[in-house]
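What follows is a single structure, written as structure tokens, with notes after it.
Residue numbers (our numbering): 9 to 114.
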């Protein structure tokens, strides 16, 4: 696995470390101005969700890797986000994430 310094140097030179995977963020078509899909590199799904949150601007989007939809991320009221995993058609599994304050989730 590449060290943090190696990844940082590769990022600056537009090269990608071998351990990185390509993820796609596909935005819902609703809204005034549709956002283009974004392809990006991340080490894992957690890092990809952090990037999706930052780049999404509050818009719902699907997170994809290798042609498979991993989950849908949507902003709820306040600072809450809903992450709906895509285990298969008709999945009802839902994970809620909230910002941590003083070391504990609210």
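Where is the CB? At the ideal position from N, CA and C, for every residue including glycine.
At a cut-off of 3 residues, the continuous stretches assigned as beta strand (DSSP E) that sit fully inside the stretch 18-87 are 29-35, 46-50, 69-73, 76-83.
Taking the C-beta atoms as reference points, residue 70 is found nearer than 7 Å to residue 80.
With fewer than 16 other Cβ atoms from the protein chains shown falling within 10 Å of its own Cβ, residue 84 counts as exposed. Annotation: residue 50 to residue 28 spans about 5 Å, alpha carbon to alpha carbon. With contacts defined by Cβ atoms closer than 7 Å, residue 60 and residue 33 form a contacting pair.
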